[in-house]
Amino acid sequence: MKTWNAVKAAKTGYIVTSILFCAGGLLLFLYPYTAVTVLCYAGGGLFILGGLVKLAGYFSRDLYRLAFQFDLAYGLLLVALGLVMILHPQGVIAVLHFLIGVVILSDGLIKVQTALDARRFGIRTWWLIAAAAAVTGAFGLLLIVNPFRGAAALTAVMGIGLLAEGILNLCVAACTVKTMQGHTPDIIDI
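Okay, so the sequence shown: first residue is 10 according to the numbering used here, each after it adds one.
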């Protein structure tokens with residue numbers, strides 16, 4: 010019962026932070042002239058929250074153990090990046106697109122592996138995770154390369170990237186986080 014509640018709480022947190030990433034991405038896309046310091050504080054807070062949820066997910070014991078398998082390192086990365094964004098917003102402004110691009114690209118690449126693992130588990134919607142991961146990773150790479158001529162365009166693409174990140178995490182949570190009350194996750198049923 011305790012394991013089931015931990016997984017359910019982690020999945021709920023994962024979904025809530027994914028929705029927050031989507032909302033933040035939409036706001037950046039619709040309002041690309043947002044003050045960068047506001048972006049650093051809000052984004053830093055969101056990254057810290059997302060990192061803490063990923064850490065909680067890693068320590069929960071979902072049935073497939075797919076959604077949270079890489080979330081220890083990724084959660085720590087998000088918390089560290091969030092703290093840097095909040096504590097040193099002026100120092101982060103020039104490289105913000107790069108940092109967010111690295112976060113989005115790395116999660117996209119990690120989720121490609123999650124999709125392939127889901128396929129091996131027989132999860133039929135593995136392709137949805139793979140497609141969302143590819144799109145998300147492409148936006149992360151685009152932010153790293155930064156071919157844009159203006160801050161507004163770059164901010165709008167950051168918004169689309171964060172929206173894609175949120176959608177990717179919603180797909181992963183919906184497709185791979187499974188719980189069975191009373192099931193012992195250390196035993197593989199054949």
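Glycine included, each C-beta is placed from N, C-alpha and C at the ideal position. This structure is a prediction, so every number in the text was calculated from the model and none was measured.
### Message
Taking the alpha helix (DSSP H) that Arg128 belongs to, which residues open and close that run?
### Response
As a first step, residue 128 is located in the sequence shown; it is residue number 119 there, counting from the start. Arg128 -> alpha helix (DSSP H) spans 105 to 130.
### the segment 85 to 100 contacting the segment 37 to 44, beta-carbon criterion three pairs below 8 Å
Cβ pair count under 8 Å is below three, so no.
### Task
Leaving out five residues on either side along the sequence, give the residues of the same chain with a beta carbon under 7 Å from the beta carbon of Gly175.
Looking up residue 175 in the sequence shown gives position 166. Counting only Cβ-Cβ distances below 7 Å, and skipping sequence neighbours, we find Ser27, Ile28, Phe30, Cys31, Gly34.
### Residues near Gly131 by beta carbon distance below 6 Å, same chain, minus five either side
One-based indexing of the sequence shown puts residue 131 at position 122. Excluding positions up to five away in sequence, the list is empty.
### Same chain, Cβ closer than 6 Å to Gly110, five either side skipped, listed in chain order
Along the sequence shown, read from residue 1 onward, the residue named residue 110 stands at position 101. For Gly110, where only same-chain residues beyond five positions count, the Cβ hits under 6 Å are Gly149, Leu152, Ile153.
### Query
What residue from Leu90, Gly60, Gly59, Ala143 has the CA that sits closest to Thr123's CA?
Here residue 123 corresponds to residue number 114 of the sequence shown, with the count starting at 1. The shortest C-alpha separation from Thr123 is found at Ala143.
#### Entry: As assigned by DSSP and simplified to three states, the class of Thr46
For the purposes of this step, residue 46 is taken as the residue at position 37 of the sequence shown. Taken through DSSP and simplified to helix, strand or coil, Thr46 comes out as helix.
#### Entry: Residue closest to Val14, alpha-carbon to alpha-carbon, out of Ala140, Gly66, Gly170
Position 5 of the sequence shown, counting from 1, holds the residue named residue 14. The amino acid at residue 14 is misidentified as Val; the sequence shows Asn. Ranked by Cα distance from Asn14, the first of Ala140, Gly66, Gly170 is Gly66.
### Best match in Cys180, Ala103, Gly168 for proximity to Trp46 [C-alpha to C-alpha]
The residue labelled residue 46 in the question sits at position 37 within the sequence shown. Sequence inspection shows Thr at residue 46; the Trp mentioned does not correspond to that position. It is Ala103.
### Query
Curious, which full-length beta strand (DSSP E) runs of at least 3 residues does the segment 134 to 198 contain?
Taken in chain order, the segment 134 to 198 contains no complete beta strand (DSSP E) segment of 3 residues or longer.
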